[in-house]
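Residue 170 in this note's numbering sits at position 133 of the sequence shown, with consecutive numbering throughout.
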Amino acid sequence: MSVKVRIAPSPTGFLHVGTGQSALYNWLFARKNGGTFQLRIEDTDRERSTKEYEQSIFDALAWLGLTPDGEISRQSEHAGQYRSALEELLAEGKAFYCRHTQEELEAERKNQESKKEPPRHLCDHKNSREEESGIIRLAVKEDDRIIKFDDIIRGPIEFQASLLGDFSIAKSLDEALYNFAVVMDDADMRITHVIRGEDHISNTPKQILIYEALGLPIPHFAHLPLILASDRSKLSKRHGAVAVVDYKKDYLPEALSNFLGSIGYTFSKEILTKEEMISEFDLSKVHKSGAVFDVKKLNWINAQYIRRLSASEFKGLTGLKVSDEAVLLITERLEKLSDASEFSYLWSEPEYPKELLLWKTSSSEEVKQSLEKSLKFLEPLEWGREAMVAGLGHLSNEAGGKGPVFWPLRVALSGKDKSPDPIDIALAIGKEETIKRVQKAVNQLDEQD
Numbered sequence: 038m039s040v041k042v043r044i045a046p047s048p049t050g051f052l053h054v055g056t057g058q059s060a061l062y063n064w065l066f067a068r069k070n071g072g073t074f075q076l077r078i079e080d081t082d083r084e085r086s087t088k089e090y091e092q093s094i095f096d097a098l099a100w101l102g103l104t105p106d107g108e109i110s111r112q113s114e115h116a117g118q119y120r121s122a123l124e125e126l127l128a129e130g131k132a133f134y135c136r137h138t139q140e141e142l143e144a145e146r147k148n149q150e151s152k153k154e155p156p157r158h159l160c161d162h163k164n165s166r167e168e169e170s171g172i173i174r175l176a177v178k179e180d181d182r183i184i185k186f187d188d189i190i191r192g193p194i195e196f197q198a199s200l201l202g203d204f205s206i207a208k209s210l211d212e213a214l215y216n217f218a219v220v221m222d223d224a225d226m227r228i229t230h231v232i233r234g235e236d237h238i239s240n241t242p243k244q245i246l247i248y249e250a251l252g253l254p255i256p257h258f259a260h261l262p263l264i265l266a267s268d269r270s271k272l273s274k275r276h277g278a279v280a281v282v283d284y285k286k287d288y289l290p291e292a293l294s295n296f297l298g299s300i301g302y303t304f305s306k307e308i309l310t311k312e313e314m315i316s317e318f319d320l321s322k323v324h325k326s327g328a329v330f331d332v333k334k335l336n337w338i339n340a341q342y343i344r345r346l347s348a349s350e351f352k353g354l355t356g357l358k359v360s361d362e363a364v365l366l367i368t369e370r371l372e373k374l375s376d377a378s379e380f381s382y383l384w385s386e387p388e389y390p391k392e393l394l395l396w397k398t399s400s401s402e403e404v405k406q407s408l409e410k411s412l413k414f415l416e417p418l419e420w421g422r423e424a425m426v427a428g429l430g431h432l433s434n435e436a437g438g439k440g441p442v443f444w445p446l447r448v449a450l451s452g453k454d455k456s457p458d459p460i461d462i463a464l465a466i467g468k469e470e471t472i473k474r475v476q477k478a479v480n481q482l483d484e485q486d
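Below, the structure is given as structure tokens:
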């Protein structure tokens with residue numbers, strides 16, 4: 038059997054990170070088994086579906102490196118197939134038009150709730166052939182049949198068919214509902230494994246009944262755990278960024294893929310290439326319970342990938358025009374790409390109040406003298422770490438500690454009270470810029486308030 042899997046997002050919004058994870062697991066399963074990974078756009082919601090959202094889905098998958106195989110399928114192109122299949126079910130008595138009004142259905146539901154019965158509609162019109170309009174329902178036998186399927190992740194799952202009632206499959210011949218359209222499309226695409234979120238478990242018995250009514254082969258099912266917010270509720274917009282596109286500014290695609298893969302699966306190590314993930318992936322070993330979307334963990338993973346970038350790769354991603362030494366200084370400390378702006382002193386002269394130059398109880402004159410000594414040492418220096426460490430170490434010994442020497446140097450070079458070692462900054466920005474900034478600091482201390 039040739040494995041075929043799919044994801045089927047709706048173009049009514051940006052691609053959710055949960056769908057991104059589902060896409061990753063489908064892709065990994067397809068690649069592990071030499072199969073194909075396909076994309077279907079479920080665009081039957083004509084009011085909310087847009088071409089812009091559809092394109093954003095393509096872009097998000099491409100950014101994650103999960104490019105679908107073959108042509109893209111669109112649900113809106115299959116209306117004729119749905120109609121033909123519905124007509125066939127109606128003709129065979131496997132489906133029927135329901136004449137009950139919304140008010141009658143609501144009264145039935147409330148009555149069932151009062152009796153603590155499961156909500157379902159057992160229609161007394163299923164044997165009638167008088168109506169040829171209205172809601173179309175699947176005729177479900179009122180017997181003790183148990184619908185069983187072996188979930189690859191969760192094991193055997195059972196539903197009592199009679200508890201489903203005569204559920205609706207179309208609003209009309211020209212408007213198929215979700216469960217019917219999904220079955221038709223998956224069969225048409227010859228999908229062998231339906232890998233999706235656990236929120237679809239309750240749809241599965243209905244879809245199995247539709248497969249059987251249509252005489253179609255039933256695929257294998259695997260239901261993934263949901264991604265949870267920190268309060269362990271389903272991750273949603275109220276928790277912040279939930280779309281893949283929201284992460285493009287700060288994160289590398291390899292890092293987000295690695296993170297999404299690790300949320301619901303235990304790999305042998307925390308940082309893996311896609312090839313390593315394919316090699317280790319076993320669908321049956323996906324976790325059963327949901328895991329929290331831990332931003333701190335994502336940041337840590339992203340930092341590992343940032344550190345693996347070459348200087349040219351990093352400069353290409355950020356557009357920064359800095360030395361390779363400056364890149365190393367940034368990437369060793371960076372968790373998110375947008376935070377590179379915190380190191381702006383590496384490419385532009387910093388501004389700061391001259392009071393920041395003062396070390397503890399040192400006077401302005403004492404700090405000025407310290408900077409002048411540093412300047413006198415740096416100006417003739419053959420630029421390099423070893424000589425700089427030795428020379429500034431000697432000045433520190435004379436001053437009775439590193440603070441009186443290194444604090445004003447740090448501020449002069451970075452404009453901050455917290456930064457990398459001033460020697461690292463000096464090597465990153467170069468001799469000319471270092472001397473210029475130290476001289477500026479001396480001049481500031483000369484100025485009268």
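We put the CB at the ideal spot given by N, CA and C, even for glycine. Predicted model, so just to flag it, every value in this text is computed and none were measured.
- Check each candidate in 43, 450, 58 and name the one with the smallest Cα separation from residue 279. 58
- With a cut-off of 8 Å on the beta carbons, I'd call residue 447 and residue 459 a contact; round off their distance for me. 5 Å
- Message: For residue 300 and residue 329, what's the separation of their Cα atoms in angstroms?
- Response: 7 Å
- If you run the structure through DSSP and keep just helix, strand and coil, what is residue 391? helix
- Query: With respect to the alpha helix (DSSP H) encompassing residue 441, which residues constitute its N-terminal and C-terminal limits?
  - Reply: 440 to 451
- Query: Is it right to say residue 129 is buried, meaning 16 or more other beta carbons lie within 10 angstroms of its own, or is it exposed?
  - Reply: exposed
- Query: Is it buried or exposed for residue 38, if we count other Cβ within 10 angstroms and need 16 for buried?
  - Reply: exposed
- Query: Are the segment 382 to 395 and the segment 449 to 467 touching, with three or more C-beta to C-beta distances below 8 Å?
  - Reply: yes
- Identify, in the order they occur along the chain, each residue of the same chain with its Cβ nearer than 8 Å to the Cβ of residue 104, setting aside the five sequence neighbours on each side. 98
- alpha helix (DSSP H) runs wholly inside the segment 215 to 278, at least 4 long, in chain order: 215 to 225, 241 to 251
- Task: Keeping to the same chain, check which residues put their C-beta closer than 7 Å to that of residue 305; ignore five residues upstream and five downstream.
- Result: In chain order, 317 place their CB closer than 7 Å to the CB of residue 305, counting only its own chain and leaving out the 5 sequence neighbours on each side.
- Query: With respect to the alpha helix (DSSP H) encompassing residue 85, which residues constitute its N-terminal and C-terminal limits?
  - Reply: From DSSP, residue 85 is part of no alpha helix (DSSP H); its letter is neither H nor E.
- Within the segment 87 to 127, note down every full beta strand (DSSP E) run reaching 3 residues or more, in order along the chain. Qualifying beta strand (DSSP E) stretches: none in this window.
- Following the continuous beta strand (DSSP E) through residue 304, name the residue where it begins and the one where it ends. Counting along the chain, residue 304 falls outside any beta strand (DSSP E), and DSSP gives it neither H nor E.
- Message: Just to confirm my understanding: we take residue 343, look at its own chain, exclude 5 residues before and 5 after, and list those with CB closer than 6 Å. What are they?
- Response: 368, 371
- DSSP puts residue 195 in a beta bridge; with which residues? The partner list for residue 195 (beta bridge, DSSP) reads 185.
- Message: Alpha carbons only, please: which of 309, 123, 107, 51 is nearest the one belonging to residue 86?
- Response: Among 309, 123, 107, 51, the Cα nearest to that of residue 86 belongs to 51.
- Whole-angstrom distance between residue 463 and residue 471, CA atom to CA atom: 6 Å
- Residue environment, residue 411, which counts as buried when at least 16 other CB atoms sit within 10 Å: buried
- On the three-state DSSP scale, how would you describe residue 207? Collapsing the DSSP output to three states places residue 207 in a strand.
- Query: Around the Cβ of residue 256, are there at least 16 other Cβ atoms within 10 angstroms (buried) or fewer (exposed)?
  - Reply: Burial state of residue 256 is buried, judged by a 10 Å Cβ sphere holding 16 or more other Cβ atoms.
- Query: Taking the C-alpha atoms as reference points, what is the distance between residue 48 and residue 476?
  - Reply: Put simply, the backbone Cα of residue 48 is about 58 Å away from that of residue 476.
- Burial state of residue 195 (16 or more Cβ within 10 Å): exposed
- Quick one: residues in its chain with C-beta nearer than 8 Å to the C-beta of residue 486, no 5 flanking neighbours on either side, listed in chain order? Confidence is the limiting factor: at residue 486 the pLDDT is only 49, short of 50, which leaves the residue's position unreliable, though a coordinate-based value still follows. Result list for residue 486: empty, nothing under 8 Å.
- Query: Alpha carbon to alpha carbon, what distance is there between residue 248 and residue 224?
  - Reply: 9 Å
- Query: Mind checking whether residue 295 and residue 315 have CB atoms under 8 Å apart?
  - Reply: No Cβ-Cβ contact shorter than 8 Å links residue 295 with residue 315.
- Message: The beta strand (DSSP E) that contains residue 174, what's its start and end?
- Response: In the DSSP assignment, residue 174 falls within the beta strand (DSSP E) that extends over 172 to 175.
- the segment 234 to 252 touching the segment 176 to 190, judged by at least three CB pairs closer than 8 Å: yes
- Own chain residues within Cβ distance below 8 Å of residue 246, not counting five before or after: Beyond the five residues adjoining it in sequence on each side, residue 246 comes within less than 8 Å, by CB distance, of 175, 177, 184, 198, 201 in the same chain, given in chain order.
- Item | Which of helix, strand or coil DSSP assigns to residue 315 | helix
- Closest residue to residue 206 among 259, 179, 172, 429 (Cα-Cα distance): 172
- Item | Closest Cα partner of residue 321 within the set 44, 45, 378, 65 | 65
- Query: Should residue 190 and residue 261 be called a contact, given that it needs their Cβ atoms to be closer than 8 Å?
  - Reply: yes
- Limits of the unbroken beta strand (DSSP E) element including residue 414: From DSSP, residue 414 is part of no beta strand (DSSP E) but of the alpha helix (DSSP H) over 401 to 415.
- Which residues DSSP lists as bridging residue 42, in chain order: 74
- Message: From the DSSP secondary-structure annotation, give me the bridge partner or partners of residue 212.
- Response: 209
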